[in-house]
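Residue numbers (the numbering used here), protein chains in the order written: chain A, 1 to 122; chain B, 123 to 265.
Cβ atoms here follow ideal geometry from the backbone N, Cα and C, with glycine treated the same way.
In what follows, a structure is listed as structure tokens, so that the remarks can point back to it.
Structural data, given as structure tokens:
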């Protein structure tokens, strides 16, 4: 039995579900935030700060941040397995893919810590 | 059997012992295939995903600065008046809008709608039209 050790959800079906649930969370958050910015042309600091320090916005932002991490990982994994493999780029494909995915994990982790720091204003 | 072998031979160790010429045509060379519209919208979905993944760093930076203090908020507003910053932000927002619209089409197709050949072409056309309008509108909004 072939096991893919470099996927996220430990199965393709799990990845498939996570990708769609996170997509819906991100879509709602992005459209909501964009809508707020479009509706509030003369936005001031007080209003902006109050929005992001409210509990419901912190819940929504953290949900979006976690969804982003999972979504980006699965998306990057999909792209890496399609293009950065031995067939597409030669015998170094697996090594290059491993390094690419390691770089993705690092960037995702930076986004996660940075995002939490922004939300909780450490 | 021969067909399978000859299709896989070029990219594997089989070439070492199979009597095949290196200059024979490679029928599965993706780069030489014609890209129909649904394939283009699909690859753009991936490219926009990568753009967002990198662009999130810019958005997080702007968010962090804008929330730090009243003065930093003013600084961000000041930066956003520069054409270069406007262009970069527009680029990331365009990526987000395209990825969102193509993603919604993807979710609709998951329910079984538009899965025929013509349905796929129509869906791709719709994605191009709707996202072009959204991206132009975003550009007008940013400038």
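Three-state class that DSSP yields for residue i in the structure shown
i, result
"residue 249 of chain B", "helix"
"residue 158 of chain B", "coil"
"residue 256 of chain B", "helix"
"residue 170 of chain B", "helix"
"residue 237 of chain B", "coil"
"residue 10 of chain A", "coil"
"residue 201 of chain B", "helix"
"residue 244 of chain B", "helix"
"residue 188 of chain B", "helix"
"residue 212 of chain B", "helix"
"residue 121 of chain A", "coil"
Any C-beta of chain A under 9 Å from that of residue i
i, result
"residue 129 of chain B", "Only weak support exists for where residue 129 of chain B lies, its pLDDT of 43 falling under 50; the value from the coordinates is given anyway. Output row for residue 129 of chain B: interface = no."
"residue 229 of chain B", "yes"
"residue 157 of chain B", "no"
"residue 161 of chain B", "no"
"residue 247 of chain B", "no"
Closer than 9 Å to chain B by CB, residue i
i, result
"residue 99 of chain A", "no"
"residue 32 of chain A", "no"
"residue 95 of chain A", "no"
"residue 52 of chain A", "yes"
"residue 78 of chain A", "yes"
"residue 20 of chain A", "yes"
Environment of residue i [buried if 16+ CB atoms lie within 10 Å]
i, result
"residue 163 of chain B", "buried"
"residue 227 of chain B", "buried"
"residue 97 of chain A", "buried"
"residue 157 of chain B", "exposed"
"residue 183 of chain B", "exposed"
"residue 209 of chain B", "exposed"
"residue 19 of chain A", "buried"
"residue 22 of chain A", "buried"
Residue j beta carbon less than 9 Å from that of residue i
i, j, result
"residue 87 of chain A", "residue 178 of chain B", "no"
> Fully enclosed by the region 15–59 of chain A, which alpha helix (DSSP H) runs are 4 residues long or longer?
Replying inline: 45–53
>> Suppose only complete runs of 4+ residues qualify. What are the alpha helix (DSSP H) ranges in the region 70–97 of chain A, listed by chain order?
In response: 86–89
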